[in-house]
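Report on the following structure.
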């Protein structure tokens, strides 16, 4: 059994420093992102009633990264030279930044000059290929560490073309500050506009009491049902979100999945002399279950 402590946060302004660090640093999208209209996707709907964690036994979608290259029927690369949140990396399709090895997906951040940037990494999404609604999503991963390293497993509402962030909703299943490699942050973002007080967040953090997330694989899970979400670490629940806590509540809609490693930015600051490269997030599998 995993041993951890969690810290719960409530939305609000002028709250504690811990709340500001855990929540205010997690915005990932610009004020007015522009995306192509969604193509036809396979939406895993149904399962509106919440069940116990172990009740989700029917595997509906998965990637175990056993091939020789990324399965681009399931994922697409997001390639950009400039990202948001003062991040320093360019994201590429280079096999130096993303490759499969031993049944794992490797997303690798490197310190290298590239198109005017000092660092490179990768970011992949299921947008336009696969959306997820009600069910249990599991991602088993080993995380990087080091000041300024920012791995994330997260989701955005698939209706973002018509309901721009934060109206579409954002679900951060896992975010980690590389300078605090034992602490996982989970946050939801919502609201009617991208500026406070209409942009809001609610989140929590989970602290491993022994070791850190770079030392072994852990499974980060999200169970979504109608009007409720449950967050799990290695099968143990630590966070629940419902419309009683979050309004407006955009989290009954289909969402797509994002995996990435950022470098620098407002969440953990920039790398310093203690940060070593390359840094890797290794993903063993992504699985989506229903009952």
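Numbering (my numbering), first residue to last: 434 to 724. The beta-carbon is built from N, C-alpha and C at its ideal position, and this holds for glycine as well. Just so you know, these numbers come straight off a predicted model, no measurement behind them.
- Message: With three or more beta-carbon pairs closer than 8 Å as the criterion, would you say the segment 664-674 touches the segment 490-497?
- Response: No, the segment 664-674 is not in contact with the segment 490-497.
- Query: Since residue 581 contacts residue 696 with CB under 8 Å, what's their CB separation in whole angstroms?
  - Reply: Rounded to whole angstroms, the Cβ separation of residue 581 and residue 696 is 6 Å, and the two are in contact under 8 Å.
- Task: Pull up the distance between the alpha-carbon of residue 724 and that of residue 655, whole angstroms please.
- Result: Those two C-alpha atoms are separated by around 14 Å.
- Query: Hey, would you say residue 705 sits closer than 8 Å to residue 537, going by beta carbons?
  - Reply: Cβ distance not < 8 Å, so residue 705 and residue 537 don't count as in contact.
- Query: To the nearest angstrom, how far is it from the Cα of residue 622 to the Cα of residue 634?
  - Reply: Going by the C-alpha atoms only, they are around 5 Å apart.
- Go ahead and label residue 649 buried or exposed: buried means 16 or more other beta carbons lie within 10 angstroms of its beta carbon, across all protein chains shown. So residue 649 ends up on the exposed side.
- Helix, strand or coil for residue 487, going by three-state DSSP, please let me know. It is helical.
- Do the segment 706-715 and the segment 560-569 meet, that is, are 3 or more Cβ pairs less than 8 Å apart? The segment 706-715 vs the segment 560-569: no contact.
- Query: With respect to the beta strand (DSSP E) encompassing residue 551, which residues constitute its N-terminal and C-terminal limits?
  - Reply: Annotation: the continuous beta strand (DSSP E) that includes residue 551 extends over 550-554.
- Item | Runs of beta strand (DSSP E) wholly within the segment 480-551 (minimum 3 residues, chain order) | If you keep only unbroken beta strand (DSSP E) runs of at least 3 residues inside the segment 480-551, you get 491-496, 522-524, 531-534 and 537-547.
- Message: Across the segment 550-557 and the segment 523-530, are there enough close Cβ pairs to call them in contact, namely three or more that are closer than 8 Å?
- Response: Judged by pairs of C-beta atoms under 8 Å, the segment 550-557 touches the segment 523-530, as three or more such pairs exist.
- Task: Can you check DSSP and say which residues form a bridge with residue 617?
- Result: Answer is 609 and 639, bridged to residue 617.
- What residues in its chain sit with their C-beta under 6 Å from that of residue 575, if we drop five residues either side in the sequence? Once the five neighbours on either side are set aside, the close Cβ partners of residue 575 are 650 and 715.
- Candidates 524, 601, 642 and 686, of which the one nearest residue 545 by Cα: When each option's Cα is compared against that of residue 545, the closest is 524.
- Nearest neighbour of residue 501, chosen from 534, 547 and 674 [CA to CA]: By alpha-carbon distance to residue 501, the top candidate from 534, 547 and 674 is 534.
- Within 7 Å: the Cβ of residue 713 and any heavy atom of the ligand FAD? Annotation note on the ligand FAD: not contained in the displayed structure, which lists no ligands.
- Query: What separation, rounded to the nearest whole angstrom, lies between the Cα atoms of residue 487 and residue 542?
  - Reply: Between residue 487 and residue 542, the C-alpha separation is close to 35 Å.
- Message: Using 8 Å as the threshold, is the C-beta distance between residue 595 and residue 690 below it?
- Response: No, the Cβ-Cβ distance between residue 595 and residue 690 is not below 8 Å.
- If you count every other CB in all the chains shown that lies within 10 Å of the CB of residue 603, and 16 or more means buried, which is it? Classification for residue 603: buried.
- Task: Mind checking which residues open and close the beta strand (DSSP E) that includes residue 695?
- Result: Run containing residue 695: 688-696, per the beta strand (DSSP E) assignment.
- Message: If you reduce the DSSP assignment to three classes, tell me which class residue 657 lands in.
- Response: Strand, per DSSP.
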